[in-house]
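Colleague: Residue numbers (the numbering used here), protein chains in the order written: chain H, 47 to 270; chain Z, 105 to 364. Let me begin by handing over the structure; questions about it come next.
What follows is the structure, encoded as structure tokens:
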């Protein structure tokens with residue numbers, strides 16, 4: 047049995063927030079179609095059909111054209127910042143007082159081949175955004191930017207993303223996003239993923255962990 | 105039949121409006137008011153808004169206007185309820201920008217859950233149609249998940265309504281005249297027949313990837329004829345047989361008040 051859905055009304059993800067990835071892609075981002083590097087955090091939504099929970103099985107994607115199992119899926123994991131009250135146009139200095147707690151967000155998707163257009167086919171798969179296993183009160187996390195997100199697959203460590211590598215820190219993101227849109231209690235921001243998403247296979251057991259926040263376990267479904 | 109959500113005498117009501125403009129509340133009470141009464145405050149018509157899908161450059165003439173090739177597959181982006189506001193409400197223009205334009209669009213409101221929906225069955229999943237104005241701020245465009253959230257996810261910049269017309273009352277949603285006026289002057293004239301990807305196509309496309317749910321909305325893009333809008337402007341987006349949506353532009357300071 048799966049845990050309850052922890053997201054209310056909005057799950058905002060921040061892409062391209064790994065400074066190593068930005069450095070690596072600097073030349074690409076000066077070419078078409080991008081023309082110049084991003085001047086703002088790059089944001090996307092995981093809509094409500096994607097929301098899922100700890101221990102849930104993640105459905106293997108279907109190829110859009112053939113209807114057969116997708117050739118490849120990837121996973122990224124992020125610290126999830128949980129908003130605790132209406133957050134409208136806050137400054138970075140006050141931003142963390144609008145954060146009620148922290149959790150883990152995993153983003154299962156098709157590989158990120160381009161960042162030019164919103165990636166509906168890649169990112170909006172049903173059940174592809176488990177959030178959990180619980181929300182740890184903000185008071186128990188003294189500095190969210192000092193955390194490290196790790197991913198292991200079938201028990202083998204695959205990735206480690208220290209959040210000090212984020213281009214925009216947690217407070218800056220909450221501030222910038224709240225100046226675009228008013229955030230509500232229970233909305234979640236996935237603040238950053240490692241630049242290279244991790245390839246997964248049907249049946250893989252994936253664990254995303256943050257010391258002090260928890261471990262989010264999910265299993266990939268078999269290809270149908 | 106048309107369906108709306110309003111505030112009347114301090115009370116939030118779901119109402120039906122019949123062909124003779126008679127208003128009945130969902131509790132069955134008649135509301136003896138003209139539909140254009142100033143005593144009605146219009147709310148966004150979908151009570152529990154889900155995922156809002158919006159199409160970019162979905163009219164060939166608008167694609168040309170923006171110097172784009174018409175797309176070979178739909179350009180779809182996502183919005184959420186923070187962007188919604190109702191008929192005769194205000195939308196804001198951010199400070200220090202050069203170009204913010206309206207986008208008058210036909211909206212299909214999903215009424216039933218479904219996945220892998222075939223084009224020919226798609227309208228069974230549509231509860232009805234309404235009109236939205238999917239404002240855009242061109243200054244904020246960047247080529248990352250474009251149109252990016254900074255352009256398209258701002259509070260109040262998706263007025264919608266005033267009501268939803270039942271799907272059964274619109275025999276052909278792709279034969280409707282579309283008009284926008286700014287301060288009474290016609291600035292945009294088009295027809296939903298010029299849409300590149302129509303509602304059944306988009307429902308088939310999206311539902312190949314994901315489950316669509318009641319309260320989800322599909323905003324279908326706008327034709328040629330966009331112009332800059334300033335605080336003080338009144339914009340009316342009209343789609344024949346659906347509804348006319350009026351919005352007044354205000355400054356960022358007026359909109360946010362104490363939070364400015």
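Note that CB positions come from ideal geometry on N, CA and C, so glycine has one too.
From residue 131 of chain H to residue 142 of chain H, what distance separates their C-alpha atoms?
Modeller: Cα to Cα, the separation comes out at about 11 Å.
Colleague: Assuming residue 274 of chain H is part of the alpha helix (DSSP H), what are its boundary residues?
Modeller: Because chain H spans 47 through 270 in this model, residue 274 of chain H falls outside it and cannot be assessed.
Colleague: Taking only runs of the beta strand (DSSP E) that begin and end inside the stretch 74-140 of chain H, which ones reach a length of at least 3 residues, in chain order?
Modeller: Counting only runs of 3 or more, we get 88-91, 97-99 and 119-129.
Colleague: Any beta-carbon of chain Z closer than 9 Å to the one on residue 88 of chain H?
Modeller: So, interface residue.
Colleague: So residue 319 of chain Z and residue 146 of chain Z are in contact, right, with Cβ under 8 Å, and what is the actual spacing, rounded?
Modeller: Wrong, their Cβ atoms sit about 18 Å apart, outside the cutoff.
Colleague: Skipping 5 residues on each side, what residues in its chain have a beta carbon closer than 7 Å to that of residue 261 of chain Z?
Modeller: Correct list, in chain order: 187, 195 and 239.
Colleague: Just list the residues that DSSP pairs residue 149 of chain H with in beta bridges.
Modeller: In the DSSP output, where bridge partners are listed per residue, residue 149 of chain H has H:126.
Colleague: Rounded to whole angstroms, what's the CA-CA distance from residue 272 of chain H to residue 232 of chain H? Just pull it up for me.
Modeller: The shown model of chain H, from 47 to 270, leaves out residue 272 of chain H, and the question about it has no answer.
Colleague: Compare the C-beta of residue 54 of chain H with all C-beta atoms of chain Z and state if any pair is closer than 9 Å.
Modeller: Chain Z contact via Cβ: absent.
Colleague: Tell me which residues of the stretch 164-185 of chain H have at least one Cβ-Cβ distance to chain Z shorter than 8 Å, keeping chain order.
Modeller: So the list reads 164, 165, 166, 167, 170, 171 and 172, given in the order they occur along the chain.
Colleague: With a cut-off of 9 Å, does the C-beta of residue 252 of chain Z fall near any C-beta of chain H?
Modeller: Chain H contact via Cβ: present.
Colleague: In this structure, does DSSP put residue 166 of chain Z in helix, strand or coil?
Modeller: Three-state result, residue 166 of chain Z: helix.
Colleague: When you compare the CB of residue 313 of chain Z with every CB in chain H, is at least one pair closer than 9 Å?
Modeller: At least one chain H Cβ lies under 9 Å of residue 313 of chain Z.
Colleague: Taking CB distances under 9 Å as the criterion, tell me whether residue 6 of chain H reaches chain Z.
Modeller: Nothing about residue 6 of chain H can be read from this structure; chain H reaches only from 47 to 270.
Colleague: How many Å lie between residue 209 of chain H and residue 193 of chain H at the Cα?
Modeller: Looking at the two C-alpha atoms, the distance is approximately 6 Å.
Colleague: Just list the residues that DSSP pairs residue 144 of chain H with in beta bridges.
Modeller: Partner(s): none; residue 144 of chain H has no beta bridge.
Colleague: Could you tell me which residues DSSP puts in a beta bridge with residue 198 of chain H?
Modeller: In the DSSP output, where bridge partners are listed per residue, residue 198 of chain H has H:203 and H:253.
Colleague: How big is the Cα-Cα spacing for residue 95 of chain Z and residue 353 of chain Z?
Modeller: In the structure as shown, chain Z begins at 105 and stops at 364. Residue 95 of chain Z is therefore absent and cannot be evaluated.
Colleague: So the alpha helix (DSSP H) residue 344 of chain Z belongs to, where does it begin and stop?
Modeller: Unbroken run through residue 344 of chain Z: none, as it is neither H nor E.
Colleague: Based on Cα-Cα distance, which residue from Z:211, Z:204, Z:107 and Z:180 lies nearest to residue 280 of chain Z?
Modeller: For the residues Z:211, Z:204, Z:107 and Z:180, the minimum Cα distance to residue 280 of chain Z belongs to Z:211.
Colleague: Which value, in whole angstroms, describes the spacing of the CA atoms of residue 60 of chain H and residue 88 of chain H?
Modeller: Straight-line Cα distance between these residues: approximately 6 Å.
Colleague: For residue 124 of chain H, does the count of other Cβ atoms within 10 angstroms reach 16, so buried, or fall short, so exposed?
Modeller: Classification for residue 124 of chain H: buried.
Colleague: Can you confirm whether residue 47 of chain H, when its beta carbon is compared against all beta carbons of chain Z, has any partner nearer than 9 Å?
Modeller: Confidence at residue 47 of chain H is low in this model, with a pLDDT of 49, below 50, so the placement of that residue is unreliable and no value is reported for it.
Colleague: Ignore the nearest five residues each way along the sequence and tell me which others in residue 350 of chain Z's own chain have a CB closer than 7 Å to its CB.
Modeller: Excluding positions up to five away in sequence, the list reads 191, 192, 338 and 340.
Colleague: Who are residue 108 of chain Z's beta bridge partners in DSSP?
Modeller: Per DSSP, Z:119.
Colleague: Just to confirm the assignment, what range does the beta strand (DSSP E) spanning residue 209 of chain Z have?
Modeller: Run containing residue 209 of chain Z: 208-214, per the beta strand (DSSP E) assignment.
Colleague: Mind pulling the beta strand (DSSP E) runs of 3 or more residues that sit fully within the stretch 192-279 of chain Z?
Modeller: For the stretch 192-279 of chain Z, whole beta strand (DSSP E) runs of length 3 or above, ordered along the chain, are 193-197, 208-214, 230-237 and 268-270.
Colleague: Looking only at C-alpha atoms, which of H:211, H:101, H:62 and H:257 sits nearest to residue 51 of chain H?
Modeller: Checked all of H:211, H:101, H:62 and H:257; the closest Cα to residue 51 of chain H is H:101.
Colleague: Taking only beta-carbon positions, decide if residue 239 of chain H is within less than 9 Å of chain Z.
Modeller: No, its Cβ sits nowhere closer than 9 Å to a Cβ of chain Z.
Colleague: Using Cβ-Cβ distances below 7 Å, what residues of the stretch 122-149 of chain H are close to chain Z?
Modeller: Answer in chain order: 134 and 135.
Colleague: Please report whether the beta-carbon of residue 360 of chain Z lies at a distance below 9 Å from any beta-carbon of chain H.
Modeller: Cβ-Cβ to chain H under 9 Å: yes for residue 360 of chain Z.
Colleague: Taking the alpha-carbon positions, what's the residue 136 of chain H to residue 224 of chain H distance?
Modeller: So the alpha carbons of these two residues sit roughly 6 Å apart.
Colleague: Name the DSSP beta bridge partners of residue 147 of chain Z, please?
Modeller: DSSP lists no partner for residue 147 of chain Z.
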